[in-house]
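To start, the structure under review is shown below, and the notes come after it.
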Amino acid sequence: RPDTPFMGPRTQDTRLWHPFSDMATVRDRELVITRGEDVWLWDEDGNRYLDAFASLWYTNIGHGRSEIADAVAAQMRELEAFTIFFDYANRPALELAELLAELSPMPGSRVMLTPGGGSEAIDTAVKMARRYWFEMGQPDRRHVVSRAHAYHGSNGIGTGIGGIDANRDGWGAALPETSRVGHDSVEALEGEIARVGADRIAAFVCEPVMGAGGVHPPPPGYIEGVAALCRAHDILFVCDSVICGFGRLGTWFGIERWNVEPDVITFAKGVTSGYLPLGGVLFGARVCEPFWSEPGRMVRHGYTFAGHPACCTAALANIAVIDREGLLDRALEIERDLTAVLRPLEDHPAVAEVRSGTGAMAAVELVEEGGAPGLMMRMRAAGVLVRASSPTAVAVCPPLTITREQVDTIGEAFAHSLGA
Ligand code: PLP
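Heads up: the sequence shown at position 34 corresponds to 40 in full-length UniProt numbering, and the numbers run straight through without jumps.
Set out below in structure tokens:
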């Protein structure tokens, strides 16, 4: 059983501005995590928590693996960093690109690496989609369609195409030449293509399972339907696998669960399990073709720390663990365990529905508007860390090493925290 954690106000006045946090209240209740081991975390006061949220959808191999630290330390001693701009390369970056292209469901893939994570990956993917059509002699194909409630990061383009309007408070309008459609309707995309005109649309951007927007698995036929529409209208299908990749849905990039082939895949988070930051974009053969076959088409885009050898080494070591320990298959067992343990909560009067069944991620949707943050805090007091993914949804996204008994612990914490 988890120990009882410290819940009272802290005395320090923090100088740290936390992402996505109401600092007027958070400043008094920072929870300082000091140590991690597998699914367990400890705070400064020695209280133990079950990390049922994989930190922030990313600790796929669990915390505290010294083999990753050892591999990174060895690389840092050999060559801490040197640029991959122009014609420079380093072995870890080359090896990672090779491996990702091999694992990619898109034949002939090439990869751009981003140092920070998913936000840079999305901005890169959208810039490249527009640039692709420019190279193809269709410069008017710039419009990007994304989905209501989608989260695609905090950089300029991700902010500009995101489907959570509040994320643009004070920032202004959505990005010009973009629009958002209902997140579960093939017809909505079809209507938008008719409205905008296929010959003006560069790309459709879609998470296989919507994560930050509250864990929404796609309805049956949705992914196949939108992929077919993109194919029929020659629109690039950009799959945002930042959350869904590296085992989360039981496959390397999430999208393999459906019988479709995207043109572009973004990834981050689980590619290193967060041991160091790294993300990137895989481009299928079609998008690579104009850039790789003819000279004079340099893309003026890239980040100083792209291909950082220490981060690439962390990714290689992390992927080796996922592979060696069979964590893709394990994710499918966790999918069943989460469904078995969480679905019965639908009998509770406070619970509207439980969403699960596509990988090691699930959400408990509450009846009460604004109820999720409170439930999250009661779960924390019971020793289980989850995330309020919307005002009404509490998301669960454990490391792929979690045992059935530990999934039971999550279920018990929900039952206890929901009350009688
Ligand atoms: N895309 C998706 C689907 C995400 O869930 C996120 C982050 O949660 C991002 C992009 C942004 O990634 P990052 O926070 O690593 O920049």
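We put the CB at the ideal spot given by N, CA and C, even for glycine. Note that the structure is a prediction, hence the values are computed from the model and not measured.
Under 8 Å from any heavy atom of the ligand PLP, does the C-beta of residue i make it?
{"i": "T272", "result": "yes"}
{"i": "N66", "result": "no"}
{"i": "L288", "result": "no"}
{"i": "D246", "result": "yes"}
{"i": "W23", "result": "no"}
{"i": "Y157", "result": "yes"}
{"i": "S125", "result": "yes"}
{"i": "S396", "result": "no"}
{"i": "N161", "result": "yes"}
{"i": "G276", "result": "no"}
{"i": "G220", "result": "no"}
{"i": "G166", "result": "no"}
Just to confirm, are residue i and residue j a CB contact at a threshold of 9 Å?
{"i": "G122", "j": "G260", "result": "no"}
{"i": "L253", "j": "G276", "result": "Looking at the sequence itself, residue 253 is Gly, so the reference to Leu does not match. The answer is yes: Cβ separation under 9 Å."}
{"i": "L344", "j": "S362", "result": "yes"}
{"i": "I128", "j": "G178", "result": "no"}
{"i": "G231", "j": "L195", "result": "yes"}
{"i": "T20", "j": "T310", "result": "no"}
{"i": "residue 456", "j": "G220", "result": "Residue 456 is absent from the structure shown; the chain starts at 7 and stops at 426."}
{"i": "Y55", "j": "W46", "result": "yes"}
{"i": "L235", "j": "A135", "result": "no"}
{"i": "A378", "j": "T398", "result": "yes"}
{"i": "D205", "j": "D146", "result": "yes"}
Taking residue i and residue j to be in contact with their CB atoms under 8 Å, please state how far apart those CB atoms are, rounded to whole angstroms.
{"i": "I67", "j": "S279", "result": "5 Å"}
{"i": "I229", "j": "S110", "result": "With 8 Å as the limit, I229 and S110 do not qualify as a contact, their Cβ atoms being about 17 Å apart."}
{"i": "F273", "j": "S247", "result": "5 Å"}
{"i": "L391", "j": "A58", "result": "6 Å"}
{"i": "A60", "j": "V150", "result": "Rounded, the Cβ-Cβ distance is 29 Å, inconsistent with contact."}
{"i": "A421", "j": "A401", "result": "Contact doesn't hold; Cβ gap of about 17 Å is too wide."}
{"i": "C318", "j": "G114", "result": "Wrong, their Cβ atoms sit about 21 Å apart, outside the cutoff."}
{"i": "R116", "j": "W264", "result": "Contact doesn't hold; Cβ gap of about 23 Å is too wide."}
{"i": "S152", "j": "G124", "result": "Incorrect: roughly 14 Å between the Cβ atoms, too far for contact."}
Which residue marks the beginning of the beta strand (DSSP E) containing residue i, and which one marks its end?
{"i": "W48", "result": "W46 to D49"}
{"i": "I90", "result": "Careful: I90 lies outside any beta strand (DSSP E) and carries neither H nor E."}
{"i": "I39", "result": "I39 to E43"}
{"i": "I229", "result": "Per DSSP, I229 belongs to no beta strand (DSSP E); it is in the alpha helix (DSSP H), Y228 to H239."}
{"i": "R83", "result": "Not the beta strand (DSSP E): R83 falls in the alpha helix (DSSP H), residues S72 to E84."}
{"i": "C245", "result": "L242 to D246"}
{"i": "M118", "result": "R116 to T120"}
{"i": "S152", "result": "H149 to R153"}
{"i": "F289", "result": "G285 to F289"}
Just to confirm the assignment, what range does the alpha helix (DSSP H) spanning residue i have?
{"i": "C212", "result": "Looking at the DSSP string, C212 is not in any alpha helix (DSSP H); the run it does join, the beta strand (DSSP E), is I207 to C212."}
{"i": "A323", "result": "P315 to R330"}
{"i": "S61", "result": "A60 to W63"}
{"i": "V32", "result": "M29 to V32"}
{"i": "T415", "result": "R410 to L424"}
For residue i, verify whether its CB is less than 8 Å away from any heavy atom of the ligand SAM.
{"i": "W258", "result": "Judged by which ligands are present, the ligand SAM is missing from the structure shown, whose ligands are the ligand PLP."}
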